[in-house]
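Below is one structure, written out as structure tokens; the observations come after it.
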Amino acid sequence: MGKSRGKKKKKHDVDPSVAYAAAQAERKRKQDEKLRVKKDEARESRAAASAKRPMKTSEAVIDRLRWDEDLPIEHFSVSYMDRFTGMQTVPMQSFLVGEDYRDIPLHRVYRFHFLDRVVWDREKRLDYIFGSGVHPFGDKDTIADFIERARRQGRIPPKQIVRQASLEYQQEQEQEQQQQQQQQQQQQQ
Numbered sequence: 295m296g297k298s299r300g301k302k303k304k305k306h307d308v309d310p311s312v313a314y315a316a317a318q319a320e321r322k323r324k325q326d327e328k329l330r331v332k333k334d335e336a337r338e339s340r341a342a343a344s345a346k347r348p349m350k351t352s353e354a355v356i357d358r359l360r361w362d363e364d365l366p367i368e369h370f371s372v373s374y375m376d377r378f379t380g381m382q383t384v385p386m387q388s389f390l391v392g393e394d395y396r397d398i399p400l401h402r403v404y405r406f407h408f409l410d411r412v413v414w415d416r417e418k419r420l421d422y423i424f425g426s427g428v429h430p431f432g433d434k435d436t437i438a439d440f441i442e443r444a445r446r447q448g449r450i451p452p453k454q455i456v457r458q459a460s461l462e463y464q465q466e467q468e469q470e471q472q473q474q475q476q477q478q479q480q481q482q483q
């Protein structure tokens, strides 16, 4: 009966230093996988948050400023890139009436301003006129809010005064045209 009572070495017993290294490698692999998943989730959430919303074009802004009677065009200005002199800012009325509007391609228009506030910016994708694009800090102001604030502050006259002044201007223009026609008729006689 000569059994030895010593520990038998089993086939699956591994050297402790090798087992420790394998366990560390497995822990490192799991940590790396968790970190990769977190980075992917963060990247996806940032991409979803900064998804580009369609933005109205400068042509649409010009048309709205031109035809919307609620927007006092005399308080707007436009910034565009001139090929020779760089960035230029001109009042909206002179931009529409002058040769600027016909000679400048609309892809060179970068910003529209109301008084001293930028209300449309192509590079920053900012649009308070239509509400397209992005709004910093979740700001939901519109151009109507800016105009109302400016009226309360006395920076622009109330709407009735503006309309009355534009009617008076139209009447003056009509009177001048009538006078010119009368002068032409008198000269022809």
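Per the working numbering: the sequence shown ends with 483, consecutive numbering throughout.
Quick reminder that beta carbons are idealized off the backbone N, C-alpha and C, glycines included.
- R330 has its alpha-carbon roughly 48 Å from the corresponding atom of T383.
- Residue pairing of R405 in beta bridges, as defined by DSSP: S373, D415.
- In the three-state scheme derived from DSSP, where H, G and I count as helix and E and B as strand, L420 is classed as strand.
- When secondary structure is reduced to three states using DSSP, P310 falls in the helix class.
- Annotated three-state conformation of Q465 is helix, per DSSP.
- Per the C-alpha coordinates, the member of R449, R446, Q478, F424 positioned closest to I437 is F424.
- According to the DSSP assignment, Q382 belongs to the beta strand (DSSP E) that extends over 380 to 385.
- A contact between stretches requires three or more CB pairs, one per stretch, nearer than 8 Å, and the region 315 to 333 fails this requirement with the region 363 to 381.
- Just so you know, the alpha carbons of H407 and S373 end up roughly 8 Å apart.
- The beta-bridge partner set that DSSP reports for V331 is empty.
- Under the 10 Å beta carbon count, Y314 is surrounded by fewer than 16 other beta carbons and is classified as exposed.
- Distance check between A354 and each of D421, G380, Q325 places D421 closest, using alpha-carbon atoms only.
- Rounded to whole angstroms, the Cβ separation of V403 and S352 is 4 Å, and the two are in contact under 8 Å.
- In this structure, the straight-line span from the alpha carbon of D397 to that of K328 is close to 57 Å.
- In this structure, R446 sits away from L409, with a CB-CB distance that is not shorter than 8 Å.
- At least 8 Å separates the beta-carbon of L390 from that of R358.
- Going by beta carbons, K350 and S426 fall inside the 8 Å limit.
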